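> Quick note: this note's numbering has the sequence shown finishing at residue 560, numbered continuously throughout. Think of the CB as a built atom: it goes at the ideal place given N, C-alpha and C, for glycine as much as any other residue. Bear in mind that the values here come from a model prediction, so they are computed numbers and not experimental data.
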Amino acid sequence: MKYLILQPDGVADWPIAELGDRTPLEYAHTPNMDYLASCGLLGMTHTIPRGCPPGSDVGTMSILGYDPRQYHTGRSPIEAASMGVELRPDDVAFRCNLVCIEDGTMRDFTAGHISTDEAGEIIRDLQRELGGDGFEFHPGVSYRHLLVWREGKAGMGTTPPHDITDRAVAGYLPDGDGADVLRHLMAASQRILAQHTVNRARRERGLRLATSIWLWGQGKRPLLPTLRQRFGIDGAVISAVDLVNGLGILAGLEVIRVPGVTGFLDTNYQGKASYGLRALRDKDLVFVHVEATDETGHMGDVQKKIQAVEDFDSKIVAPILAGLHEFTEWRLLMMPDHATPCAVKTHSADPVPFVVVAAPDLRGGRNGSAYNERAAAATGLVVAEAHTLLPEYLVRA
Ligand SMILES: [Zn+2]
164 MKYLILQPDG VADWPIAELG DRTPLEYAHT PNMDYLASCG LLGMTHTIPR
214 GCPPGSDVGT MSILGYDPRQ YHTGRSPIEA ASMGVELRPD DVAFRCNLVC
264 IEDGTMRDFT AGHISTDEAG EIIRDLQREL GGDGFEFHPG VSYRHLLVWR
314 EGKAGMGTTP PHDITDRAVA GYLPDGDGAD VLRHLMAASQ RILAQHTVNR
364 ARRERGLRLA TSIWLWGQGK RPLLPTLRQR FGIDGAVISA VDLVNGLGIL
414 AGLEVIRVPG VTGFLDTNYQ GKASYGLRAL RDKDLVFVHV EATDETGHMG
464 DVQKKIQAVE DFDSKIVAPI LAGLHEFTEW RLLMMPDHAT PCAVKTHSAD
514 PVPFVVVAAP DLRGGRNGSA YNERAAAATG LVVAEAHTLL PEYLVRA
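1. For the stretch 391–466, list the alpha helix (DSSP H) runs that are entirely contained and at least 4 residues long, ordered along the chain.
2. D405 CB to nearest chain B CB: under 9 Å?
3. Where do the N-terminal and C-terminal ends of the alpha helix (DSSP H) with H301 fall, by residue?
4. With a cut-off of 8 Å, do at least 3 Cβ pairs link the stretch 165–178 to the stretch 490–505?
5. Between which residues of its own chain and S402 is the CB-CB distance below 6 Å, once the five residues before and five after are set aside?
6. Below 8 Å, is the gap between the Cβ of G222 and the nearest heavy atom of ligand 1?
7. Please say whether A538 and L199 have beta carbons closer to each other than 9 Å?
8. Would you call the CB atoms of P216 and S225 closer than 9 Å?
9. Beta-carbon within less than 7 Å of A547's beta-carbon, same chain only, minus the 5 sequence neighbours each way: which residues are those?
10. Expressed to the nearest angstrom, what Euclidean distance is found between the alpha-carbon atoms of E181 and Y190?
11. If we require 3 or more residues per run, which beta strand (DSSP E) segments fall completely within the stretch 262–329?
12. Three Cβ pairs or more, each shorter than 8 Å: is that satisfied between the stretch 351–367 and the stretch 227–241?
13. Among the residues of its own chain, which have a CB less than 6 Å from the CB of P187, if the five just before and after it don't count?
14. Quick one: residues with CB closer than 5 Å to any heavy atom of ligand 1, in chain order, please.
15. Going by CA-CA distance only, name the one from V515, I285, P554, R371 that's closest to A541.
16. Is there contact here, the stretch 377–385 with the stretch 250–258, by at least three beta-carbon pairs under 8 Å?
17. Would you kindly check if the distance between the Cβ of G339 and the Cβ of D254 is under 9 Å?
18. Using CA atoms only, rank isn't needed, just tell me which of V311, R213, V361 is closest to F300.
19. For D447 versus D524, is the C-beta distance shorter than 9 Å?
20. Which class does I168 belong to by DSSP, given the choice of helix, strand or coil?
21. Per DSSP, A175 forms a beta bridge with which residues?
22. With distances taken between CB atoms, is the gap from S305 to T273 smaller than 9 Å?
23. Quick one: give me the first and last residue of the beta strand (DSSP E) that M497 is part of.
24. Between G434 and the rest of its own chain, which residues show a CB-CB distance below 8 Å, the 5 nearest in sequence each way excluded?
25. Just to confirm before moving on: does the CB-CB distance between R365 and G275 stay below 9 Å?
26. To the nearest angstrom, how far is it from the Cα of L250 to the Cα of A533?
27. Taking the straight line between their C-alpha atoms, what separation do you get for V465 and D457?
28. In the stretch 170–238, which residue ranges form an unbroken beta strand (DSSP E) of at least 3 residues, counting only runs that do not cross its ends?
29. Using CA atoms only, rank isn't needed, just tell me which of V520, R185, V221 is closest to H501.
30. Got a sec, what are the start and stop residues for the beta strand (DSSP E) I376 sits in?
31. Helix, strand or coil: how does DSSP classify D338 here?
32. Whose CA, out of A373, M349, R313, lies closest to the CA of K383?
33. Can you tell me which of the three DSSP states V546 falls into?
34. Go to V332, then tell me how far its beta strand (DSSP E) extends in each direction, as first and last residue.
35. Let's test the definition: count the other Cβ atoms within 10 Å of the Cβ of E242 and tell me whether it reaches 16, buried, or not, exposed.
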């Protein structure tokens, strides 16, 4: 038996007036997704448990069959896994943004989308000046980096910097047990960065400066039993997104790097589909994630989101369906991790449509005419907790 998970990130949406009160999924031309809906089990499910933030980390955990309430510890330890940084059980990982704070105000949580090379120079200098005594700075991509506090504290309150753009940072600094250490590191980084050669060069080019680090998103390593431990299966993950690859690693999946993936409309869809099919020859399960459906929702760009949906249908679902013919027995789960409604340009905790298809018996029990929110709701099937889908419908004995 072969298992496939297709995740169009954030594809679910709300009805949009300019589309005649249809969602992008309803409006878009998606014959392949609709075919799956017509021969599979179609319904709605909740990927974001009550009380959990509607993040991709939480939603993707649900898709992979892990109850976020039991396993979710924060996003940074997941990113640490994807960066290859080992965390011991008592270590705490923090997301370490390079940010631009001006006159006490959070001006830019990306420090002007600072380049990976410039940021790497800064993070290495911060490690030299502030690292040691259980603190380690690890360089990542652009403004996204990692601080590990070995045998550190995790219970303090922290704030995502993208939530406080143009606000005074004073009220949002780390607070609670262990926060004084983080505040000290942030203040010390500001003194170092004020003199840094990277910033001098950026000032000359008229670019936003990296004036400070911002620590948030902390957590200890989540202890996920791997899919092999749970179900005796091996798998692989294909994604352009660190968070998704990190979750895959924690679930015991092999990360397959596809050249030319960007996490956007210009990604190498063909490569993702063909690498995915190839991996399925060796592995029991392949998980293919596409980010463009989420990014276009964040942009609030309805037409681009429709394009992302149609690309997913024609460039991922179509070739994968065609390629699956070489396997006689397979099951496929297709669903997003959360909705990213164009109207709000961010994630929402609404239920999302899912479909499960099993071959060779392609006649499901509760099928619908199309893969979208309305058709899925119309079947009347609601799976209250999305993390039960994988064990109960996909990888069931
Ligand atoms: Zn997402």
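In short:
1. 405–413, 432–445, 455–462
2. Looking for chain B here will not work: only one protein chain is present.
3. It is not in any alpha helix (DSSP H) - H301 instead sits in the beta strand (DSSP E) that spans 298–304.
4. yes
5. N408, H452
6. yes
7. no
8. no
9. H209
10. 10 Å
11. 268–271, 298–304, 307–312
12. no
13. D176, K468, I469, V472
14. D172, G173, S219, D457, D500
15. V515
16. yes
17. no
18. V311
19. no
20. strand
21. A502
22. yes
23. 493–497
24. V421, P422, G423, V424
25. yes
26. 44 Å
27. 11 Å
28. 204–208
29. V221
30. 375–383
31. strand
32. R313
33. strand
34. Taken as a continuous stretch (DSSP letters only), V332 belongs to no beta strand (DSSP E), as it is neither H nor E.
35. buried
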